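Heads up: the sequence shown runs through residues 1 to 486, numbered per UniProt numbering.
All residues carry an ideal CB built from backbone N, CA and C; glycine is no exception.
Please read all numbers here as calculations on a predicted model, not as lab measurements.
Notes to accompany the following structure.
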Amino acid sequence: MKKSRHGDMYAPRNQLSSRFGTKTSSRRESPKSEGCSPRATFEYTPSKIKARIKPNKNVAPPVASSTGNVRLNSSRANHTASRKLAAIQTSSHIHQLLYIYNIHSRTPCQPDRGRKCGMKVAVIGAGILGASVAYRLAEGGARVTLVERGEPGGGASAASFAWVNANEKKPRAYFGLNYAGLREHYRLREEFGGAPWLHPGGNLVWSADARGLRERVERLRGWGYAAETVGEERARELEPEVRSPGVAAAYFPEEAWVDVPRLVRELVERARAAGAEVRTGSPVVGIEAEVSAVRLAGGERVAVDAVVNAAGPDADRVAGMAGSPLPLAPRRGLLVRLEVRGAPLRRVLHAPEVNLRPDGAGYLIAHHESVDRRLGGKDERRLAVELLERARGILPVPEARVSGVRVGTRPVPADGYPSVGAAPGIPGYYEAVTHSGVTLGPLLGRLLACEILGGEVHPLAAPYRPGRLREQRMTEHPIRNAKEGG
Ligand SMILES: Cc1cc2nc3c(=O)[nH]c(=O)nc-3n(C[C@H](O)[C@H](O)[C@H](O)COP(=O)(O)OP(=O)(O)OC[C@H]3O[C@@H](n4cnc5c(N)ncnc54)[C@H](O)[C@@H]3O)c2cc1C
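This is the structure in structure tokens:
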């Protein structure tokens with residue numbers, strides 16, 4: 001098994017290297033990276049938007065600009081969004097309007113190919129966040145170098161329960177971000193004409209706290225999320241093989257799980273096809289003054305106009321290289337891959353003692369926070385067997401065996417929320433660091449690309465600016481000299 005600071009790869013899933021090779025260096029010329037012509041856009045204030053709220057098939061998706069205004073793309077009308085807009089008639093609903101557009105429209109906030117065409121950007125880290133932002137930047141006309149110290153998707157992204165959801169996300173703004181993140185996966189499926197990595201089917205939850213679960217369902221329904229409490233019969237219909245633990249149940253039909261390594265592979269390949277250079281086996285060890293270049297472990301210097309720190313649980317080290325300390329509160333978690341006969345489970349399942357999801361034919365993933373809390377010494381194997389026993393408690397899988405164990409580290413900014421966007425005081429330095437990165441990766445990648453290329457901070461991402469995490473008193477000239485880091 002491959003070891004890293006943040007855990008072991010599942011042996012059976014460690015197939016990325018054969019696909020990507022090691023130490024690759026290529027920049028394919030792509031027709032998409034040529035002819036960077038700006039799309040026709042118009043600035044709209046909230047009052048102008050309001051004036052356009054009518055069931056008109058020509059209404060186009062709006063995009064918030066940093067001025068608080070909204071930029072409309074005249075070329076892309078969206079009929080579904082238009083119908084929904086018809087119901088919204090007051091200015092107090094402008095945020096709701098933006099939200100609806102952003103989760104239903106095909107083309108909100110596309111990286112603008114006209115604005116910063118040819119801008120050189122290094123994206124550090126090829127997990128789901130880095131792969132996503134690299135793809136969107138390259139698609140938008142930037143000259144992207146995606147730099148990964150190991151193999152794409154081999155970090156936290158390969159050690160994720162990978163449940164795509166906005167289920168217990170609070171407060172409302174953070175719920176909104178995660179719900180948009182969930183919808184972005186479906187949107188990506190439309191955009192790519194398929195998404196074999198996305199496994200819809202919802203999430204069945206059992207909880208001993210019947211009242212808490214009922215309240216959660218009511219709150220989520222009130223926020224427009226698909227949620228229902230279910231009885232024994234309906235739960236059996238959804239998961240016929242699962243033995244009910246005899247407690248309250250709820251179903252969240254829009255939720256899904258994602259085969260993250262497969263999605264990362266797709267995004268990296270698309271970034272490459274859009275002209276990005278992908279450097280694997282290349283740790284970044286320094287960021288030079290004024291974010292003028294990144295330095296690689298072998299001594300090579302890559303000149304850049306901007307850097308995106310998407311280094312996951314190592315984002316604090318990379319932030320240190322830029323002279324802008326990022327406080328992280330990383331949390332470790334144990335994922336156990338179980339080999340089973342057949343397909344005893346159809347969807348994500350949360351039971352009081354164990355969370356389970358399918359992981360391709362003949363495999364399940366088991367996880368539980370109560371086990372994560374006990375992670376410490378070298379007892380991972382024992383905890384894995386405990387998760388196996390818990391799974392056997394609700395599934396008829398006597399033959400199941402542990403086929404892989406992985407400890408991953410969640411990249412959690414100190415206050416628990418994402419750090420996305422430009423960091424203050426260091427022009428050209430951006431961050432894309434978050435827990436729930438599987439849910440949020442595709443959305444945040446696109447929104448960050450819009451910020452870098454178009455200078456626009458999307459309202460969904462606006463509460464999560466890196467500046468809030470920085471100490472008030474920053475080093476006077478944090479990037480005057482190149483800084484080394486690990
Ligand atoms: C146990 C567990 C369960 C989880 N469950 C869920 C879930 O159900 N749903 C959900 O949405 N999220 C979940 N998450 C969180 C989610 O997996 C992460 O938020 C997400 O994978 C982070 O992706 P990333 O791209 O930021 O980081 P990573 O995938 O870690 O990618 C960062 C990359 O940067 C590279 N790197 C680091 N430093 C350097 C450097 N100096 N130079 C070059 N490259 C560098 C690393 O090698 C790595 O490949 C879970 C996480 C864990 C650990």
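- Item | Same chain only: Cβ atoms within 6 Å of Ala384, ignoring 5 sequence neighbours per side | Once the five neighbours on either side are set aside, the close Cβ partners of Ala384 are Val336, Val402, Val405.
- Query: Given that a residue counts as buried once 16 or more other Cβ atoms are within 10 Å of its Cβ, and exposed if not, what is Pro358?
  - Reply: Buried: at least 16 other Cβ atoms inside 10 Å.
- Message: Strictly by DSSP, which residues pair up with Pro200?
- Response: As computed with DSSP, Pro200 is found in a beta bridge with Ala256.
- Using a threshold of 8 Å, is the CB atom of Arg317 nearer than that to any non-hydrogen atom of ligand 1? Arg317 Cβ: within cutoff of ligand 1.
- Message: Just to confirm the assignment, what range does the alpha helix (DSSP H) spanning Arg183 have?
- Response: Taken as a continuous stretch (DSSP letters only), the alpha helix (DSSP H) holding Arg183 covers 172-192.
- Task: Between the Cα of Ala361 and those of His199, Pro413, Ala249, Pro411, spot the shortest distance and give me the residue it belongs to.
- Result: Minimum Cα distance to Ala361 is reached at His199.
- Item | One or two residues paired with Pro413 in a DSSP bridge | Note: Pro413 sits in a beta bridge opposite Leu328.
- Message: Quick check: the segment 118-135 against the segment 262-274, are at least 3 beta-carbon pairs closer than 8 Å?
- Response: Result yes; three or more Cβ-Cβ pairs closer than 8 Å.
- Task: Note down, in chain order, each residue of its chain lying with its Cβ closer than 6 Å to the Cβ of Thr90, except the 5 sequence neighbours on either side.
- Result: Low confidence applies here, because Thr90 scores a pLDDT of 35, under 50, leaving its location unreliable; read the following figure in that light. Within the same chain, and ignoring the five residues on either side of Thr90 in sequence, no residue has its Cβ closer than 6 Å to its Cβ.
- Item | Spatially closest choice to Gly428 from Tyr186, Ala449, Glu255, by CA coordinates | Closest option to Gly428, Cα to Cα, is Ala449.
- Tell me where the alpha helix (DSSP H) around Glu233 begins and ends. Where Glu233 is concerned, the enclosing alpha helix (DSSP H) stretches over 232-238.
- Item | Unbroken stretches of the beta strand (DSSP E), 3 residues or longer, contained in the segment 288-354 | Complete beta strand (DSSP E) runs here, min 3: 293-296, 301-303, 306-309, 331-339, 348-350.
- Query: Can you give, in chain order, each stretch of the alpha helix (DSSP H) that sits fully within the segment 360-416 and has at least 4 residues?
  - Reply: Within the segment 360-416, the complete alpha helix (DSSP H) runs of at least 4 residues are 369-372, 380-394.
- Message: For ligand 1, I want to know if Gly150 counts as a neighbour, meaning its beta carbon is within less than 8 Å of at least one of the ligand's heavy atoms.
- Response: At least one heavy atom of ligand 1 is nearer than 8 Å to the Cβ of Gly150, so yes.
- Query: If you compare alpha carbons, which of Lys120, Gly125, Gly118 is closest to Ala310?
  - Reply: Residue nearest to Ala310 within the set Lys120, Gly125, Gly118 is Gly125 (criterion: CA-CA distance).
- Own chain, CB closer than 6 Å to residue 534, minus 5 neighbours either side, in chain order: A query on residue 534 cannot be resolved here, the shown segment of the chain reaching from 1 to 486 and no further.
- Query: Closest to Glu266 by CA distance: which of Pro327, Ala289, Phe192 is it?
  - Reply: Glu266 has its Cα closest to that of Phe192, out of Pro327, Ala289, Phe192.
- Query: Is the segment 317-329 close to the segment 457-465, with three or more CB pairs under 8 Å?
  - Reply: No, they do not touch.
- Item | In DSSP terms, what Leu448 is bridged to | Bridge partners of Leu448: none, in fact.
- Task: Please determine, among Ala289, Glu277, Pro283, the residue with the shortest C-alpha to C-alpha distance to Gly298.
- Result: Checking every option, the nearest Cα to that of Gly298 belongs to Pro283.
- Task: Could you have a look at Leu72 and say whether DSSP puts it in helix, strand or coil?
- Result: Residue confidence is low: Leu72 scores 33 on pLDDT, short of 50, so the model does not pin down where it sits. Its coordinate-derived value is still stated next. It is a strand residue.
- Message: Can you list, in chain order, the residues of its chain with a C-beta nearer than 6 Å to that of Gly445? Leave out the 5 residues immediately preceding and following it.
- Response: Around Gly445: Ser132, Val133, Arg136.
- Item | Distance, Thr439 Cα to Ala180 Cα | Looking at the two C-alpha atoms, the distance is approximately 9 Å.
- Going by the beta-carbon positions, is the gap between Pro344 and Leu296 smaller than 9 Å? Pro344 is not a Cβ neighbour of Leu296, given a cutoff of 9 Å.
- Alpha carbon of Ser92 to alpha carbon of Val247, nearest angstrom: Residue placement at Ser92 is poorly supported in this model, since its pLDDT is 35, which falls under 50; the coordinates are not used for a value here.
- Query: Do you know offhand how far Arg442's Cα is from Gly130's?
  - Reply: Per the sequence shown, residue 442 should be read as Pro rather than Arg. The C-alpha of Gly130 is placed about 10 Å away from the C-alpha of Pro442.
- Item | Span separating the alpha-carbon of Tyr174 from that of Leu387 | Between Tyr174 and Leu387, the C-alpha separation is close to 30 Å.
- Item | Under 9 Å between C-beta atoms of Lys120 and Val304 | Yes, the pair counts as a contact, with Cβ atoms nearer than the cut-off.
- Measure the alpha-carbon distance for Arg214 versus Arg331 and round it to whole angstroms. In this structure, the CA atom of Arg214 is about 29 Å from the CA atom of Arg331.
- For Ala131, which of helix, strand or coil comes out of DSSP? If DSSP states are grouped into helix, strand and coil, Ala131 belongs with the helices.
- Counted within 10 angstroms of its Cβ, other Cβ atoms place Arg149 as buried (16 or more) or exposed: Its Cβ being crowded by 16 or more others within 10 Å, Arg149 is buried.
- Beta-bridge pairing of Leu263 - partner residues as DSSP gives them: In the DSSP output, where bridge partners are listed per residue, Leu263 has none listed.
- Query: By a C-beta neighbour count over all protein chains shown, 10 Å radius and 16 as the cutoff for buried, is Glu369 buried or exposed?
  - Reply: Under this definition Glu369 is an exposed residue.
- Going by DSSP, what residues sit across from Ala273 in a beta bridge? Paired residue(s): none; Ala273 is not in a bridge.
- Item | Thr145: CB within 8 Å of a non-hydrogen atom of ligand 1 | Answer for Thr145: no, Cβ out of range of ligand 1.
- Look up Leu440 in the DSSP assignment and give the residues it is bridged to. Answer is none; Leu440 lacks a bridge partner.
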